[in-house]
Amino acid sequence: MSLAAEAWDETAAQLYDTAESYRSVASMLFQARQHPASIAVAAAVVSFTAWLNAVAARARQAARQARASVDAFESTLGAVVPPSVIDANRALRTALVTANGLAQNGPAIADTDAGYERIWAQDVDAMYAYAAASAAASTLTPFDSPPTVGSGQHDPAIAETAWSLIAAPQVVSAGGHVMPVIPRALRALSRSPITTFDACLSTATSPLSKLGSLSAPTDFAINRLSSLNKTASLRRAAALLTHPGQVGGATAEATARLGRASSIGALSVPQSWAKAAMPRGIEFETSDSDYVLIDPSNLLW
Numbered sequence: 001m002s003l004a005a006e007a008w009d010e011t012a013a014q015l016y017d018t019a020e021s022y023r024s025v026a027s028m029l030f031q032a033r034q035h036p037a038s039i040a041v042a043a044a045v046v047s048f049t050a051w052l053n054a055v056a057a058r059a060r061q062a063a064r065q066a067r068a069s070v071d072a073f074e075s076t077l078g079a080v081v082p083p084s085v086i087d088a089n090r091a092l093r094t095a096l097v098t099a100n101g102l103a104q105n106g107p108a109i110a111d112t113d114a115g116y117e118r119i120w121a122q123d124v125d126a127m128y129a130y131a132a133a134s135a136a137a138s139t140l141t142p143f144d145s146p147p148t149v150g151s152g153q154h155d156p157a158i159a160e161t162a163w164s165l166i167a168a169p170q171v172v173s174a175g176g177h178v179m180p181v182i183p184r185a186l187r188a189l190s191r192s193p194i195t196t197f198d199a200c201l202s203t204a205t206s207p208l209s210k211l212g213s214l215s216a217p218t219d220f221a222i223n224r225l226s227s228l229n230k231t232a233s234l235r236r237a238a239a240l241l242t243h244p245g246q247v248g249g250a251t252a253e254a255t256a257r258l259g260r261a262s263s264i265g266a267l268s269v270p271q272s273w274a275k276a277a278m279p280r281g282i283e284f285e286t287s288d289s290d291y292v293l294i295d296p297s298n299l300l301w
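Under full-length UniProt numbering, read the sequence shown as residues 1 to 301, first letter to last.
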């Protein structure tokens with residue numbers, strides 16, 4: 001939780017910096033030229049920076065509550081009876097019972113058992129207090145989805161790429177349903193001594209399953225972005241194979257470690273392909289060494 005608090009603080013700082021950068025750029029754009037387009041951009045940036053600042057504030061609050069959870073845990077750890085004290089109590093009782101042939105240790109055994117019950121009472125009080133503190137620390141304000149700052153009329157190629165991110169609002173929405181459930185379960189556990197932990201968490205089962213159900217569309221979206229990237233790489237490779245001389249000349253050389261294959265750009269190909277496709281003036285040696293010298297401009301970064 002301490003690491004989570006640090007991560008939330010870092011996220012909040014980055015969001016604040018991003019919002020300030022957006023505001024600064026929009027201000028310079030508006031001051032440089034008061035054109036209808038710049039006015040529209042400035043208005044959109046105002047809405048977006050307000051959202052960034054709100055998210056940053058909630059991220060900082062999440063960091064504070066994560067630290068409160070750490071404090072609650074440390075306080076509970078100090079309040080519960082150490083295991084060594086419990087072991088000593090049980091060992092004393094065993095010794096008293098073993099030497100109780102004439103029932104002379106009856107009062108001492110009763111005192112030992114009473115001490116053991118006090119241990120349990122102290123631990124129970126500490127755990128109920130911890131459940132209540134954890135419930136308070138885990139009650140977070142859900143994050144809002146970003147505002148729509150465009151008209152929705154985009155280039156088809158941009159729209160083809162952007163649709164893959166449609167799962168993000170679903171994650172925000174599902175997180176908003178899940179976040180209130182855990183605190184309610186912890187409060188129920190702290191108030192009801194006879195309530196089992198499974199019963200307290202029964203209301204969390206359905207909201208938590210929503211996050212699991214989002215893995216499929218999210219994975220699909222990520223795979224879609226990956227396929228678009230691979231398509232762009234293949235087009236680049238096809239250009240290298242079709243017109244090798246039209247792709248930048250040799251500049252600084254780079255040394256690449258190869259196995260059994262040779263390289264054209266970022267592709268691993270048979271050595272015969274590479275020798276045929278390499279531009280003039282670039283060394284290509286594979287007979288006595290596992291290294292080749294290739295043109296960095298032909299690499300796909």
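C-beta: ideal position from N, C-alpha, C; glycine also.
| Asked | Found |
| --- | --- |
| Minimum C-alpha distance to Y16 - residue among A56, I86 and A26 | A56 |
| Inter-residue Cα distance where the pair is E117 and T139 | 33 angstroms |
| Beta-carbon spacing of M127, A66 below 8 angstroms | no |
| Cβ separation of T11 and L52, assumed to be a contact under 8 angstroms, to the nearest whole Å | With a Cβ gap of about 11 angstroms, T11 and L52 do not count as contacting. |
| Residues near W8 by beta carbon distance below 8 angstroms, same chain, minus five either side | A59, R60, A62, A63 and A66 |
| Residues of its chain near L92, where Cβ-Cβ distance is below 6 angstroms and the 5 sequence neighbours each way are ignored | T112 |
| Cβ shell of A26 (< 6 angstroms), same chain only, five flanking positions each side left out | A42 and V45 |
| Residue-level contact to chain B via CB, A56, 8 angstroms cutoff | The chain labelled as chain B is not found in the depicted structure, where only one protein chain is given. |
| Identity of the residue in E6, T49, A5 and L3 nearest S24 by Cα | T49 |
| C-alpha distance - I109 paired with L96, whole-angstrom precision | 6 angstroms |
| Length of the line joining the Cα atoms of E74 and A132 | 14 angstroms |
| Of the listed residues A103, T98 and W120, nearest to V85 (C-alpha basis) | W120 |
| 8 angstroms Cβ shell around N89 - same chain, five flanking residues per side excluded | T112, G115, Y116 and I119 |
| Range of the contiguous alpha helix (DSSP H) that encloses F48 | P36 to A79 |
| L15, DSSP secondary structure in three states | helix |
| Host alpha helix (DSSP H) of L102 (start-end) | Element bounds for L102: n/a, residue is neither H nor E. |
| Unbroken alpha helix (DSSP H) run spanning P107, endpoints | G106 to A137 |
| Contact check, A72 vs S145, beta carbons under 8 angstroms | no |
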